[in-house]
Amino acid sequence: MTLLVGVDIGNSTTEACLAECGPDGPRYLGGALTSTSGVKGTADNVPGVVKVVQEALSAAGRDQHELAAVLVNEATPVISGLAMETITETVITESTMIGHNPDTPAGAGLGTGTTVAFAELGACAPGERVICVAGAGVDFEDAAAGIAAARDRGVEVTGAVVQADDANLIVNRLPTPIPVVDEVTLVEKVPLGMPAAVEVAEPGRTVRTLSNSYGIATLFDLDPDQTRLVAPVARALVGNRSAVVVRTPSGDVADRRIPAGTLTLIGEHARLPVGVDAGAEEIMATLRRVTPLADATGEAGTHVGGMLATVRDAMAETLSDTGGEQDAAIQDVLAVDTFVPQRVTGALAGEFALENAVALAAMVRTSRAPMEALAGQLRSALDVDVHVGGVEADMAVLGALTTPGTRRPLAVLDLGGGSTDAALATGDGEVHSVHLAGAGDLVTKLIDSELGLDNRDVAEDIKKNPLAKAESFFHVRMEDGTARFFDEPLPAEAFARVVVLGEGGMRPVPTRHPLEKVRRVRRSAKHKVFVVNALRALERVAPGGNLREIGFVVVLGGSALDFEIPDMIAEAVAAAGVVCGTGNVRGSEGPRNAVATGLVDEHAGRTR
Amino acid sequence: MTLLVGVDIGNSTTEACLAECGPDGPRYLGGALTSTSGVKGTADNVPGVVKVVQEALSAAGRDQHELAAVLVNEATPVISGLAMETITETVITESTMIGHNPDTPAGAGLGTGTTVAFAELGACAPGERVICVAGAGVDFEDAAAGIAAARDRGVEVTGAVVQADDANLIVNRLPTPIPVVDEVTLVEKVPLGMPAAVEVAEPGRTVRTLSNSYGIATLFDLDPDQTRLVAPVARALVGNRSAVVVRTPSGDVADRRIPAGTLTLIGEHARLPVGVDAGAEEIMATLRRVTPLADATGEAGTHVGGMLATVRDAMAETLSDTGGEQDAAIQDVLAVDTFVPQRVTGALAGEFALENAVALAAMVRTSRAPMEALAGQLRSALDVDVHVGGVEADMAVLGALTTPGTRRPLAVLDLGGGSTDAALATGDGEVHSVHLAGAGDLVTKLIDSELGLDNRDVAEDIKKNPLAKAESFFHVRMEDGTARFFDEPLPAEAFARVVVLGEGGMRPVPTRHPLEKVRRVRRSAKHKVFVVNALRALERVAPGGNLREIGFVVVLGGSALDFEIPDMIAEAVAAAGVVCGTGNVRGSEGPRNAVATGLVDEHAGRTR
Amino acid sequence: MRELLAGLEEEGVPVRLASGTPTGGAATSPADSGEAATAVELAHAAARASPLDVGVGIDVEGRVCVHHAKRPADRPVVTTDATRARWCGHNAARLVVGLPLKEPPEQLEETWPQH
Amino acid sequence: MRELLAGLEEEGVPVRLASGTPTGGAATSPADSGEAATAVELAHAAARASPLDVGVGIDVEGRVCVHHAKRPADRPVVTTDATRARWCGHNAARLVVGLPLKEPPEQLEETWPQH
Ligand SMILES: Nc1ncnc2c1ncn2[C@@H]1O[C@H](COP(=O)(O)OP(=O)(O)O)[C@@H](O)[C@H]1O
Ligand SMILES: Nc1ncnc2c1ncn2[C@@H]1O[C@H](COP(=O)(O)OP(=O)(O)O)[C@@H](O)[C@H]1O
Ligand SMILES: [Mg+2]
Ligand SMILES: [Mg+2]
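Chains as they are written, first to last, in the UniProt record's numbering: chain A, 1 to 608; chain B, 1 to 608; chain C, 1 to 115; chain D, 1 to 115.
Right, dumping it as structure tokens:
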């Protein structure tokens, strides 16, 4: 009987599997896991490995000197990077429009007229149609009194734009309501003496006239050429509860594309450039055309170019440290369409626009790892035999096959943090594997940027847990509608907010988005990364690219612990008649510990 | 000066435009609209036309004998039909699974063991692992006491399935909680003496083990072949808060496709069959291959076959009435993927499954209308000159051009109830038109069936209005988050329900779906019908199929009044650089009255 | 009374004590507390006393009523007889939790006019 | 006080009368109603009296407090000074309407521990 521990050094996580091997095969005693220290496959991993081995031993009540050997996988360094390139920008010049959703616009309807400063209302002639513009410091009672007085004199004040959060206060004090848009921060920039229109929709509705090119054309009597120029204004106002359009002579809204640089994908036979602003679909189509990818470069000065260079440099450095001399070529990229909420340049009310962006994940992976240094240091740290061996993919398959209900042909999908790896073991024992860029970390990044959180921790929490909304100080409603009660009142900050119920308790999501929007972003990020990558990976390992040839798909890795990703993947491959589910390594470990288990298994098989 | 009225007889709506024509062109005096009486283009339309003409006159304060002439468009009869074919069916045989979302399962976790009737618990030996099945009439206190007593004796009761809504009551009375699934209506059909598993997820989460094929394989120690058989069970349980799986020897779940019959699309050169169960995309691709469609037939005995026959027969009858003899050939079909909630056959707890379905709209339109009879009867009814003339598409373009900010080349998109019509007027005055099946009525039908409402009126209300949720007896929250207060308490029935705020006031939506789900169904139905049809229509009228050649798109018709359809279409064509918006006929009528206005316009032009 | 409490408990409304009676978040006024009072009166009084604004009343004739503090006194949510006590418990709890009421609305005091 | 009412009104909370004071659905207790009482005490009393469960208190020292009837008496939602009365009005209204409180939470009595 020999005591063995298999150790899998992953990019994010180092896992151990402890077993006693005798003539009847291995008897598993348990496992452990910890964060990987340093770049996978380098000597920096030693502290993590030592920790995980000791934890596995002490959990099983065994002592370090009973250990016969540590089995380590051939951990090839993987460096992955993420970058985001914004490809559109909304710019408002000459204050042509204000379209925003203040919490409290007032007086539904449409008003048109010439913009007039509040102080100048008294100078307007009866019969004039005007839009009143009230800046900072105008009290709401004075504003209402002034507007009412002007109307009494026959001045048609048909709408107002105000700086303070006063719209309802003003409208409530008028004999007949007019549409008023408030919270316009830079109201002093609204051009005066210009034709303008103010529209406020009923609660629950959005503006109809100012979001319609022909509506604006009707109001301002525009000819077809002018209408064409104003069309982007209308489009930008779609979906707003309230809007103001001021017709300035040279006013213009540009919904412009930012030149985002070129990505060059280098295959064995071809070298194809593709503009990042062409979008993810085009980039991935170009990638398919050059497959297998030999390398990729990005235009200098762009985020994507910088990211690819950083990834390559980091790998070169890792390799030079260990005296290896391989080239650090980009092995895969994944492009994903996304959007980023961004403050509109030239906006008067702090408007945000959702700009289109492309997120790119890239990966460098070496074929041969500098494992000798790692093994040597490990040997002296633990004072025990260390065997390096077993190709990672082979070991993953062996481990996955300990899942009840599986057999070859079997495909493993390892959903990690930086990469999505797949391996297929055919009936005759051959294993094909593929390593793709983009996994859990990209999902977190997409959630972070699409919601404009700028907080990776919150984004990670959102990724991993269901949402809820705090409906009172004492209960939240979960995203599936169930209510949960608390004895202690929730903090005021949580009130009416979207919260996430993570391991560390409840945490508010710092966003104005409704729960459903946050949920949609979360699910679409998972879909865009993992469903796309799972299909890409399986198609590349399946015989002839045909998924039907795969009997069983076992989903493994940290992201397989997710509460919805495995279901999404199962749904996506269901049509191909494949049995797909989350792995349950050794019938007990769930989707974790496959490689570590495979190492023990293989060693036991060899020594028997 | 002559007083004229233009009348547009649509499929659903008859519209009038009253004008005084002099040497300076027409002066518009107003309009009116009413429901069309009878099939468009037949003598049955007379009452509607008479009504609308009188209303237009009286609104403008004019008398019938001042009227010089009534101008009627060449209203060609259009008959359209809708059918739905369900193409999948979930059947549970031998009660293999129960996966449902009762409001109150209890005791999160997973239990496994042999199913035992509650009355037999006393006969279980210590050490036995069992799942207790409690039928009708077992009181919760007795159930809890019985389970607790068995556990005290060492019987491992790891979970329970009960008929009454008692889960929390039982679990609250146990010393240690076990997962309990309740509200299982047909609990007496649960097979006893069989291995079973009960899983209840934490609030806000869904089952993890029983929705995973390998999870079930682990629990029941299945071999790969058995696992393959159980995979559909796992898939059917995805998304449930609680689930029970009983392993019966011959248990089986079929997620089977129903043979849904074949649709034969007949083009000028080809005649291609396509299985309805291939889905909408395949049907529409086949349609593109035979375009232009000369006729279509459906397999007898299927819904689609029946619908196509009905449409053709109705048209034949309409034509025979008027002595015309044209063939009633199907001119266009639109297939849309949808789903229908349907009770699962063999289910024990009233489970519903979302079955896939294909909805099909079809249309017959004649090239020449039997207008003489209509004109004759109209002449005697109103005692005034009646001019029939003006091709509908030409008139629509003329009317659309009265929208401020437009000019040729201009495309009209007329979004009606039964059909989506498009016409393109090129710079040199030529007009091309196309008439496609599927419009507002199909949207209503999709909303009705996808939500399982079985109430066309409610579905129509949902289509036309934003949603809200009654959060208390005194306020509702609109779908955009704004709150609305009421002085009178809302009826108890409305409490916590999704409501729609239509013209007739507030109305509850009889569904358990959350607001977001109802909203998603509404928006996707609009998208599937109108965005698809708008692009199909514009591609067919645009020179060389290129949207960029169209300068302006004017959206008209009843469905252009929708609060989100025009925005969706504008969004979809924005990429092509086209100016697209809702029409504003004569600068005042919005998207209505284009054809009626065009008739007056054309007549005025001719007589000048 | 047992059935009423069972309905409240099954819905998982946290249990609180009000006027010495164990309730599922909603105060209940047992019939013996007010001799001539009707179930509706008792229910409204209980609702007003309840921190959760929901009350249930049972009168000497065995009528059971579910009420909400903010509804007018004479317009309760549900009035029925003791045989439906469990159902009243469920619905009282659902008023607290913010869930649509259970089962067909034939028993509800006020429904929507049929469109 | 005017600013406080303005904040309530702007949020559109329906106006009701409570203890003779026009309020935006939340009962306000002006400082002169209780001599030694603090803003917090006044606010909690007002909240308990209010049918909408939200109360605002202003004490002699010019402190302004927003409270909710169901929170413990000593743990109000907001306590600040009279210069922020308008903001208190907004937030009192938002408690009624069920909207997240306005502006940065530096003023809130209880916030989340920073993760
Ligand atoms: N419970 C969980 N739910 C969702 N994702 C998770 C969960 N636990 C870990 N992850 C994700 O798994 C990824 C790391 O996976 P892992 O297999 O440990 O990486 P690697 O294979 O690179 O070592 C991270 O993106 C992390 O967010
Ligand atoms: N306010 C509205 N919002 C959305 N749809 C509407 C509205 N008013 C009418 N409709 C829809 O318009 C369609 C009828 O359009 P219409 O142009 O009158 O038909 P037709 O051209 O066939 O006479 C119906 O499907 C109806 O539901
Ligand atoms: Mg891994
Ligand atoms: Mg029409």
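Don't be surprised by glycine CBs; every beta carbon is placed ideally from N, CA and C. Model, not experiment: these values are computed from the prediction.
Host beta strand (DSSP E) of residue i (start-end)
i	result
residue 157 (chain A)	156-162
residue 26 (chain A)	25-35
residue 485 (chain A)	483-485
residue 552 (chain A)	552-556
residue 100 (chain B)	97-100
residue 502 (chain A)	498-502
residue 433 (chain A)	431-437
residue 265 (chain B)	262-267
residue 548 (chain A)	Premise fails: residue 548 (chain A) is in no beta strand (DSSP E) and is neither H nor E.
Continuous alpha helix (DSSP H) stretch holding residue i: start and end
i	result
residue 603 (chain A)	594-607
residue 444 (chain A)	440-450
residue 94 (chain D)	85-97
residue 4 (chain C)	2-10
residue 44 (chain C)	39-49
residue 568 (chain A)	565-574
Distance CB(residue i)-CB(residue j) smaller than 8 angstroms
i	j	result
residue 468 (chain B)	residue 478 (chain B)	yes
residue 282 (chain A)	residue 90 (chain A)	no
residue 200 (chain B)	residue 181 (chain B)	yes
residue 49 (chain A)	residue 318 (chain A)	no
residue 239 (chain B)	residue 466 (chain A)	no
residue 5 (chain B)	residue 21 (chain B)	no
residue 290 (chain B)	residue 298 (chain B)	no
residue 111 (chain B)	residue 164 (chain B)	no
residue 100 (chain B)	residue 392 (chain B)	no
residue 55 (chain B)	residue 76 (chain B)	no
residue 548 (chain B)	residue 570 (chain B)	no
residue 531 (chain B)	residue 462 (chain B)	no
residue 595 (chain B)	residue 399 (chain B)	yes
residue 211 (chain A)	residue 231 (chain A)	no
residue 496 (chain A)	residue 99 (chain D)	yes
residue 446 (chain B)	residue 534 (chain B)	no
residue 13 (chain C)	residue 96 (chain C)	yes
residue 438 (chain A)	residue 584 (chain B)	no
Whole-Å CB distance - residue i paired with residue j, under 8 angstroms assumed
i	j	result
residue 612 (chain B)	residue 358 (chain B)	The shown model of chain B, from 1 to 608, leaves out residue 612 (chain B), and the question about it has no answer.
residue 145 (chain A)	residue 162 (chain A)	That pair is no contact at about 14 angstroms.
residue 94 (chain D)	residue 11 (chain D)	6 angstroms
residue 348 (chain B)	residue 187 (chain B)	7 angstroms
Beta-ladder partner(s) of residue i, from DSSP
i	result
residue 22 (chain B)	B:25
residue 341 (chain A)	A:354
residue 133 (chain A)	A:117, A:161
residue 475 (chain A)	A:485
residue 195 (chain A)	A:114
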